[in-house]
Each structure stands twice: as C-alpha cells, then as structure tokens.
Amino acid sequence: MKEQTLCEKLFHLKENGTNVKTEVIAGVTTFMTMAYILAVNPSILSAAGMDSGAVFTATALAACAATIMMAAFSNYPFALAPGMGLNAYFAFTVVGQMGYSWEMALAAVFIEGLIFILLSLTNVREAIFNAIPMPLKYAVSAGIGLYIALIGLENAGVVVGNESTLIAMFSFKTSLADGTFSTAGITVLLTLIGVLITAFLMIKKVKGNILWGIFITWALGIICQFIGLYQPDGVDYASLLPDFSKGFSIPSLAPTFMHMDFSRVFSLDFLVIMFAFLFVDVFDTLGTLIGVASKADMLDKDGKLPRIRGALLADAVGTAVGAVLGTSTTTTFVESASGVAEGGRTGLTSIVTAILFGLALFLSPIFLAIPSFATAPALIIVGFLMISSIVKIDFDSPTDAVPAFITLIAMPFMYSISEGIALGVISYVVLNLISGKAKKITPLMYVLAILFVLKYILV
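Residue numbers (UniProt numbering): 1 to 459.
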C-alpha cells in the first residue's frame, strides 16, 4: 500500500489513467523491444575500433541513467539508449569516412552534449521542434525507418556494393559457386528468415517480438554451426557460441571510459566534426522524439509535446554521460511506443525499463555473442514500424507531400538523417513561398532554411 502511495505521489498514476501493474508490464515490454541495442551497438561501434565489451557496458549504463532521467525530468514513459542511426554516423561516417579517431569522436559527442544541455534549458530546441510542420515530422519518422532498415540490410550482407547499380542484392548463385555459402551465404539466408520470423511474432502479438526474433535467428545460426552449414573462419565470421569462460562478470569500462581526445579541441578539423555532430544530433534527436511522440499519439492538436523541455534535457544529459562512459549519442527510442501501447503513461514505465537495463549488465556473454545477421532483422522490422507514419501525410497537398517525400528518400539514399531534414526544410519553405502559401511558414522555418543553405555553401 505504501508503495502504491509513493508511486502515486511520484508519478501521478491516477491522473494519467494507469496503475502500478500496467506500468510495470509496459516497462518490461519496452525493454524487451529495445534490448537489441545491447547487441547491435557494440557490433556497430566495434567497427570504429572500440572494444565491444566496454561498449556493451557503456550502452547498458547510459541507457539506465538516461531513462531514469527521463522519468525524473518529464514523467514520460520513454526509454533512452545509444541511438540507431547516430551510432552508424559515428562509426561509418565520422571514423570510417572522415578518418577521425573514435576518441576524438567521443570528445565531440561530449561537448555537443554539454551544448545541448544549455540549449535544452532554453527554448531553442523546443522552438525548433514546434516549428517543424507535421508533414515533415511524419516524414522524418518514416525516413529514419528506411535508413535503419538499410543499415540492417548492409550489416547482414543482404545488400552489397555494385559497380553498375551502386547497390544490389547478395548473389546466392555466386556464393554457391565460389564456396562462400557456408559463411556469407548462410548468414544472408538466416537474416531473411529472421525477418519473416519476427514479422510472424508481430502478427501473433508476442510480447518482445523483436528480441525473440533476434534470439530465434541466432539459435538457428547455432544449429547451422553444429551441423556444418555455417563454418566460422575465425576472421570475418566468428563462432556463434557465447564465451562463458569469464562467467557472467560485467565487461570492464576501462577501454572506453574517459577516453575522449580533447587534444585538438581548438583545431579546425575538430570544429568541423563538432559541427557535424551538433547538426546531426539536434535534428536526429528531434526526429526520433517526433517519431516516438507521434507513434504514441502524445502530440497535442498543434503538434506540440507537453513537458518537452524535460524530455530534451534527459536526452542532452544522457548524451554527455554516455560519451564519458564510451558510447555514441544517447537518444529516445521509438520502441518506447510499444510500452505506451501496453498502457504505460508515466515515468514509472521508464524506471522499470532502466532497472532491466541495469540487470542486463550481468548477461554480457549472451548479448556480445549475438551476430549481425541476427540483429539485422530487428533493424529492418524497426524500420517497418517507423515508416508507418507516412500514411498520416496528406498526399493531396503537394506543398506538404513533396517536401515530406524529399525528406523521406534523402535519409536512406544520402545515408544521412540530417541531410533529409535539411532538404525537407529547404524544399518546404521554397515550395510554399513560390506557391503563395507563405502564411504556412513560421519565421523559424525561414531561419532554418537559410542556415541549411549556408551549410551546403560553406561546410
């Protein structure tokens, strides 16, 4: 009874039409739908040269801390963790393409996290969120879905590079001919099977269907390894069996903790990477928060999110804390909508999710052994969940629909969430202006459009 009273006092359960049991179930559901990040994030950031065990620990701790802050600052049932899309930008763009060290990238994430804290205490980020028109908000959510799905297809090798068409589907015929089916071929096949399995679990409304999809796909891979269909080569394709030689101990944070490189903080190249993270993080965060809120029907009739300042602050502080621990930008997860669908309405849902992330620290051998072909179906299905926002766009209004379409396609085709938002904002302002619908454009949208144009000219 005392627990009920305390929860009521802290989270205002009755006011929000919920109870402790409902919030606990919602919290467990949210964790089960986003726990894949514990396997996916170490896999992605290890491509940047980071220690996967340390990244796992940093991921769990950052998720736990940031999600608790979300409950404390806003009383929303949203959970946070190192964000998909942003971790890919960190590993494949900043480190892989731009050539910066992961230590410098972490320093940039930390500093932009501090800047975000300042911005979140003012009206800047809130004003940007509210200024973006609803069609673009829906397009951002759908575009992120396509982007995440593409990352999943690439990580699993389903989509490969091709000289004539840029990208193409993996060739099973070629893999059978050159003897690579037992490594590359079988993993691609397992990915496709995993997508169907996860989709079937969704159809049957199985709780935690995404996480179950990962484990089942992984289990099928282990079976294939035992019967010889999958053969680890010790280089690109490792054994699928968990390594329990060190027990269930928590992997050390030492390889990544406080490993931020500030040695070039005042140099031009650091400012460039800082600006890139700042730009991407501002609009990725807003985009993800838009996606979560719209999926959970938490936006009011004007498209605004009540108590958004607390949610943004939790996001900003979580980013800074995550960088110290050794992981990429922490942000709100669209999978939080699954907990809302189970009835979660307050921060108690977030607290339950945070506790489970803390407990997951002791299961590192399991999460670290999960291969990319098993996590890829999760990314593809998350992409499916997010693209559903497209049905809310009014395609009978070209001045709304065309910028939304540009936003949506730019994200996967240009491999950048921020590029999609930039081009969407510019096209929205230009098309409405020349069509005589300038009244639809807010002053801040003009400012954003000008800044985006300058970005393309100067950066």
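Don't be surprised by glycine CBs; every beta carbon is placed ideally from N, CA and C.
DSSP places PRO377 in the uninterrupted alpha helix (DSSP H) bounded by 372 to 387.
Relative to ALA108, the option among SER120, PHE90 and VAL124 whose CA is nearest is PHE90. Measuring C-alpha to C-alpha distances from LEU385 to each of GLY228, SER336, ILE417 and ALA410 identifies SER336 as the nearest. Nearest to ALA199 by alpha-carbon distance, out of PRO377, VAL429 and GLU154, is PRO377. In this structure, the straight-line span from the alpha carbon of ASP243 to that of PRO133 is close to 49 Å.
Per the DSSP secondary-structure output, MET50 pairs with nothing in a beta bridge. In this chain, MET414 is not harboured by any beta strand (DSSP E), its DSSP state being neither H nor E. Counting only the Cα atoms, ASN209 lies some 31 Å from GLY49. In the structure shown, GLY343 adopts coil according to DSSP, grouped into three states. The beta carbon of PHE11 sits closer than 7 Å to the beta carbons of ASN75, THR346, GLY347 and LEU348 from its chain, once the five residues preceding and following it are set aside; these are given in chain order. Around the beta carbon of MET258, a 10 Å sphere encloses fewer than 16 other beta carbons of the protein chains shown; the residue is thus reported as exposed. Counting along the chain, the unbroken beta strand (DSSP E) around THR330 starts and ends at 330 to 332.
Taking all protein chains in view, the Cβ of GLU15 is surrounded by fewer than 16 other Cβ atoms within 10 Å, so the residue is classified as exposed. Looking at the DSSP output, MET134 bridges to nothing. Put simply, the backbone Cα of GLY161 is about 20 Å away from that of MET98. For the pair LEU325 and LEU61, the CB atoms are nearer than the 7 Å cut-off. Boundaries of the alpha helix (DSSP H) harbouring ASN41: 37 to 45, taken from the DSSP string.
Among the bridge pairs identified by DSSP, PRO82 is matched with THR330.
The criterion of a C-beta distance shorter than 7 Å is not satisfied by VAL340 and ALA65. By DSSP's assignment, GLY161 forms a beta bridge with ILE167.
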